[in-house]
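Worksheet: the structure to be examined is printed underneath.
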Amino acid sequence: GDSVTQMEGPVTLSEEAFLTINCTYTATGYPSLFWYVQYPGEGLQLLLKATKADDKGSNKGFEATYRKETTSFHLEKGSVQVSDSAVYFCALSGASGGYNKLIFGAGTRLAVHP
Amino acid sequence: DAGVIQSPRHEVTEMGQEVTLRCKPISGHNSLFWYRQTMMRGLELLIYFNNNVPIDDSGMPEDRFSAKMPNASFSTLKIQPSEPRDSAVYFCASSRGQGEGEQFFGPGTRLTVL
């Protein structure tokens with residue numbers, strides 16, 4: 244079945260460091276891909292998305308490119324801030340042409356220190 | 638828009654008691670999802686509805702769990718009887734239509750069963 248695999252955390256970085264969180268997926272068809280972020284004590288929020296191959300999603304300095312050839316959607320940010328500390332979830336949707344059910348990865352916790 | 642509304646935000650109960658969690662989706666959204674999040678198992682989809690009809694309840698852990706959506710603006714998740722292993726954060730999410738995949742999450746209900 245469809246699945247999402249993320250790099251295990253926690254990822255610990257200093258402020259202004261470069262961030263990469265790896266995400267790969269297995270799916271039939273042509274899924275849309277998402278990154279969600281969960282700040283402490285809150286629900287998940289959509290960070291960015293891409294709906295077709297080679298699309299780049301971006302928001303708040305974060306970017307991810309839909310790579311069909313490597314079935315990947317890695318999240319990157321050039322310079323992280325303490326306020327980016329959160330759990331990041333990669334997800335896919337619509338892979339089987341059915342209802343918009345999201346399949347989430349396990350989440351990667353990011354801790355940014357001053 | 639107020640976003641997805643969940644109540645209560647926190648619930649502490651004793652084993653064997655009935656627990657009812659409530660959700661009001663975003664107006665105009667016709668898909669609704671219930672998730673459970675724990676440290677051990679991560680984020681799990683319990684059930685989702687489309688146009689108030691349950692589409693997939695394969696994630697419901699056992700018969701003690703039930704969910705209803707009597708109208709487009711309200712859903713409940715009930716656990717009867719509750720057990721300590723049900724302790725988790727329960728999220729409700731809603732989305733518009735099918736295929737796009739973006740879901741909007743509520744703030745969650747933190748359930749503790751003693």
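Protein chains in written order, with my numbering: chain Y, 244 to 357; chain P, 638 to 751.
All C-beta atoms, glycine included, are put in the ideal place defined by N, C-alpha and C.
Counting only Cβ pairs nearer than 7 Å, list the residues of chain Y close to residue i.
i: P:Q740; result: L345
i: P:G679; result: A349, G350
For residue i, go through chain Y and note every residue whose CB falls closer than 9 Å to its CB, in chain order.
i: P:P744; result: G284, E285, G286
So residue i and residue j are supposed to be a Cβ contact under 8 Å. How far apart are they, rounded?
i: Y:L289; j: P:E739; result: 6 Å
i: P:N687; j: P:R733; result: Going by Cβ atoms, the distance from P:N687 to P:R733 rounds to 11 Å, so no, they are not a contact pair.
i: P:E720; j: P:G696; result: Not a contact, Cβ separation roughly 17 Å.
i: P:A709; j: P:N689; result: 6 Å
i: Y:P274; j: Y:S336; result: 6 Å
Using a threshold of 9 Å, state whether the C-beta atoms of residue i and residue j are closer than that.
i: P:L748; j: P:E648; result: yes
i: Y:K320; j: Y:T308; result: no
i: Y:G286; j: P:F728; result: yes
i: P:P691; j: P:M706; result: yes
i: Y:L318; j: Y:I264; result: yes
i: Y:A270; j: Y:D297; result: no
i: P:D700; j: P:L683; result: no
How about residue i: is its C-beta nearer than 9 Å to some C-beta of chain Y?
i: P:D700; result: no
i: P:A730; result: yes
i: P:V641; result: yes
i: P:D693; result: yes
i: P:F711; result: no
Looking at chain P, is there any beta carbon in it that lies within less than 9 Å of the beta carbon of residue i?
i: Y:L289; result: yes
i: Y:F316; result: no
i: Y:K299; result: no
i: Y:F277; result: yes
i: Y:K292; result: yes
i: Y:F363; result: The shown model of chain Y, from 244 to 357, leaves out residue 363 of chain Y, and the question about it has no answer.
Please go through the same chain and pick out, in chain order, the residues whose beta-carbon is closer than 8 Å to the beta-carbon of residue i, but skip the five residues on each side of it.
i: Y:G350; result: Q249, G252, Q281, V330, Y331, F332
i: P:V726; result: R673, Q674, T675, G745, T746, R747, L748
i: P:V656; result: E648, T650, K715, I716, Q717, S719, D723, L748, V750
i: Y:V325; result: E258, V355, H356, P357
i: Y:G348; result: V247, T248, Q249, C266, F332, C333, A334
Excluding the 5 residues preceding and the 5 following residue i in the sequence, name in chain order all residues of the same chain whose CB lies nearer than 7 Å to its CB.
i: P:R663; result: Note on residue identity: the sequence assigns Ile, not Arg, to residue 663 of chain P. The answer, listed in chain order, is D638, G640, V641, S731, F741.
i: Y:A260; result: V323
i: Y:L291; result: W278, G300, S301, N302, F305, A307
In chain Y, what lies closer than 8 Å to residue i by C-beta?
i: P:Y727; result: Those within 8 Å of P:Y727 in chain Y number zero; the least Cβ separation is about 11 Å.
Can you pull the chain C residues whose beta carbon is under 9 Å from the beta carbon of residue i, in chain order?
i: P:L682; result: Going by chain labels, chain C is absent from the structure shown, which instead holds the protein chains Y and P.
Among the residues of its own chain, which have a CB less than 6 Å from the CB of residue i, if the five just before and after it don't count?
i: P:G736; result: Caution is warranted here: a pLDDT of 43 is assigned to P:G736, below 50, making its placement in the model unreliable, and the coordinate value is therefore given only provisionally. Around P:G736: no qualifying Cβ.
i: Y:S315; result: T267
i: P:S712; result: C660, L669, M706
i: Y:T255; result: A354
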